Amino acid sequence: MNAYRMLLMQPLLERRLRNEMWSTVLLVLFAIAEYVSTLAWSVPRGLTSFLAGVFLAAAVLIWWGVFLQNAVQQNRPSLSLLVPGLRRRLMVLTAVLWIGASLLPALVVGMVLGHFGYVLIGTAFLLLFVALCQRHVLISYMVTVVIVACLQIYREQLVRFMDAVTTWGETTVALGALALMVPLGWLALRILFPHGGDRHFAWGDAAARRASNAKRGVYIAAFDTLGGRPLLRLLDAFYAPRSATPRRPGQSMLDGLGPRTHWSRPSMTIVMITALTLALHAWAGTAKLAPFVPIALALLVLPLWGHARSTLAALKATPVEQGVLLLTPGAPARRELNRELARVLLVRYGITWLAYLACSALIVLLTIGSWNAWACCTALSAMFAPVLLRDHARHPGWNSALLVFGAVMLVTPPLAGIVEHVSVPNGLLPGAVIGALIGTAIALRLRWRKAVAATVAFPAGRLAA
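Take the sequence shown: its position 154, counting from 1, is numbered 192 in the numbering used here, and each next residue is one higher.
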């Protein structure tokens with residue numbers, strides 16, 4: 039088999055083994071759904087094209103991050119020095135994928151909006167930024183601070199500069215930016231793929247730890263990439279003393295899953311998205327931000343999805359820790375074990391959902407009052423809760439839950455835009471929202487009874503049974 043093909047197959051096989059190919063399929067379906075909504079419900083074409091580009095860019099970023107992590111691990115100090123041509127092939131393949139990954143969103147969005155050059159340089163810069171953050175986490179902080187400072191201090195100068203640049207023409211601007219990115223890309227390749235030395239060994243160990251942490255939950259991988267690991271450490275330091283204090287039986291049931299499934303992670307993400315949305319509203323104004331408020335409300339649902347997904351994945355991946363926890367004095371009585379587990383799972387999700395309600399309502403109140411989109415997203419976000427209740431001893435996996443996750447996330451963004459920008463018959467939206475909430479409550483009740491009556495296991499499955 040060709041060496042380059044083997045290097046490309048490695049991240050693909052890794053995603054298949056971890057059963058994570060579905061996320062790419064969902065993002066592609068999201069993009070298709072946006073274009074379908076334009077044809078079927080006359081949703082503004084610019085908005086749907088922007089959303090489709092965002093979903094495709096998200097898919098590209100996922101695979102870009104997977105490839106970079108895999109390539110960095112393959113370029114271990116011993117292999118980079120001993121395997122002939124490995125480092126060179128990795129650098130060439132990374133450069134080719136950088137170009138190809140930049141072209142894909144630019145072609146799709148450029149065909150509709152007609153700004154191929156601007157989308158191309160924006161995507162290329164974003165991929166380069168993510169690649170450099172893999173090596174130096176502080177770059178994400180520095181770039182964020184510089185951008186915010188420039189927007190606040192040199193706002194008028196930046197507006198005049200952008201007006202002057204646009205007079206040069208899109209082709210000239212794109213060619214100039216790409217010429218500037220060529221040396222930056224070469225420098226990034228040299229930084230990403232060192233050739234032995236103490237720093238290479240230290241960075242290889244750190245990359246291996248990040249890859250191991252990424253398997254424990256959704257948020258650790260994203261926060262490590264974006265430089266949020268210090269925030270996670272602060273949260274761990276805050277909750278570690280509380281987990282060591284005596285509590286009522288059952289309160290420590292989910293400690294065996296690790297701190298990555300705590301409600302503080304998705305709540306922190308929701309707060310960050312809310313702060314960013316309100317900052318953009320203060321800078322751009324209500325008129326410019328109005329079409330994107332439903333998008334922000336749909337984005338707030340993502341942390342809820344991530345929390346439910348990472349919790350179910352951790353229930354399956356930590357049977358040894360859960361089995362040991364059952365032997366401790368803090369474990370609940372056997373007859374109350376399933377009830378306590380269901381209660382704790384719902385409490386954690388309920389806290390995250392309340393954070394979503396508060397932040398989403400704040401966005402609606404301070405922006406344009408998109409209550410239709412808010413009601414739609416709120417009803418859909420509640421549908422994740424019943425998925426957490428199941429017979430964890432008999433079905434420790436979470437493959438069936440992907441159908442619910444995929445269906446909800448597939449319809450949330452386009453539906454939020456439709457109910458906000460398209461006239462809906464009176465009474466249809468309130469009736470649909472109330473019906474969805476009633477259906478969710480009925481599903482919660484039925485799955486609660488099923489979970490409580492299931493085989494006694496927390497959720498180490500057959501270890502406890």
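In this text, a Cβ means the ideal position worked out from N, Cα and C, and glycines have one as well.
Since the model is a prediction, treat every value here as computed from it, not as a measurement.
Residue i, buried or exposed, once every other Cβ within 10 Å from all chains shown has been counted against 16
i: V63; result: exposed
i: M398; result: According to the sequence as given, residue 398 is Ser; it is not Met. Buried, since its Cβ has 16 or more Cβ neighbours within 10 Å.
i: L119; result: exposed
i: P221; result: exposed
i: N376; result: buried
i: N40; result: exposed
i: W321; result: exposed
i: I401; result: buried
i: T210; result: exposed
i: L218; result: exposed
i: G473; result: exposed
i: H319; result: buried
i: T324; result: exposed
i: W412; result: buried
i: H233; result: exposed
i: R198; result: exposed
i: A371; result: exposed
i: A317; result: exposed
Simplified DSSP assignment, three categories, for residue i
i: L264; result: In this prediction, L264 has a pLDDT of 40, which is less than 50 and means its spatial position is unreliable; nothing more can be read from the coordinates.
i: A492; result: coil
i: P329; result: helix
i: R386; result: helix
i: D201; result: helix
i: T324; result: helix
i: T349; result: helix
i: V66; result: helix
i: S398; result: helix
i: W102; result: helix
i: G477; result: helix
i: L427; result: coil
i: H238; result: helix
i: W486; result: helix
i: T210; result: helix
i: N108; result: helix
i: L117; result: helix
i: S302; result: helix
i: S408; result: coil
i: L365; result: coil
i: L338; result: coil
Contact under 9 angstroms by Cβ, residue i with residue j
i: L165; j: L124; result: no
i: L327; j: T312; result: no
i: P332; j: T307; result: no
i: L131; j: A109; result: yes
i: V157; j: G103; result: no
i: D429; j: T349; result: no
i: L145; j: I229; result: no
i: L384; j: L466; result: no
i: V147; j: A240; result: no
Alpha-carbon to alpha-carbon, residue j and residue i
i: T416; j: K488; result: 25 angstroms
i: A352; j: A336; result: 25 angstroms
i: F154; j: A97; result: 19 angstroms
i: W206; j: L50; result: 42 angstroms
i: C414; j: D201; result: 39 angstroms
i: I389; j: N410; result: 23 angstroms
i: P143; j: A215; result: 17 angstroms
i: R237; j: M129; result: 19 angstroms
i: L213; j: G138; result: 17 angstroms
i: A420; j: Q107; result: 34 angstroms
i: A479; j: F422; result: 11 angstroms
i: G223; j: V66; result: 28 angstroms
i: V309; j: L141; result: 33 angstroms
i: E52; j: Y42; result: 16 angstroms
i: I406; j: P424; result: 32 angstroms
i: L115; j: Q172; result: Here residue 115 is Pro; the residue named in the question, Leu, does not match the sequence. Going by the C-alpha atoms only, they are around 17 angstroms apart.
i: V121; j: W486; result: 55 angstroms
i: R54; j: S61; result: 11 angstroms
i: Y387; j: I70; result: 30 angstroms
i: A259; j: G344; result: Because the pLDDT at A259 is just 39, under 50, the model does not fix this residue reliably, and the point stays unresolved.
i: L392; j: I476; result: 18 angstroms
i: A95; j: L117; result: 32 angstroms
i: F261; j: W301; result: Confidence is the limiting factor: at F261 the pLDDT is only 42, short of 50, which leaves the residue's position unreliable, though a coordinate-based value still follows. Their Cα atoms are separated by approximately 15 angstroms.
i: G469; j: K354; result: 37 angstroms
i: M47; j: T299; result: 30 angstroms
Cβ-Cβ separation, residue j to residue i (assumed contact under 8 angstroms), whole Å
i: L225; j: R127; result: Not quite, the Cβ-Cβ distance comes to about 19 angstroms (not below 8 angstroms), so this is no contact.
i: F93; j: L135; result: Not really, about 19 angstroms apart at Cβ, beyond 8 angstroms.
i: L426; j: A346; result: 6 angstroms
i: V339; j: L403; result: That belief does not hold up - the Cβ atoms of V339 and L403 are roughly 18 angstroms apart, past 8 angstroms.
Residue-chain proximity (residue i, chain C), Cβ-Cβ < 9 angstroms
i: F154; result: Any reference to chain C falls outside this structure, which holds one protein chain only.
heavy atom of the ligand ATP below 8 angstroms from residue i C-beta
i: I229; result: Only the bare structure without any ligand can be found here, which leaves the ligand ATP out of the picture.
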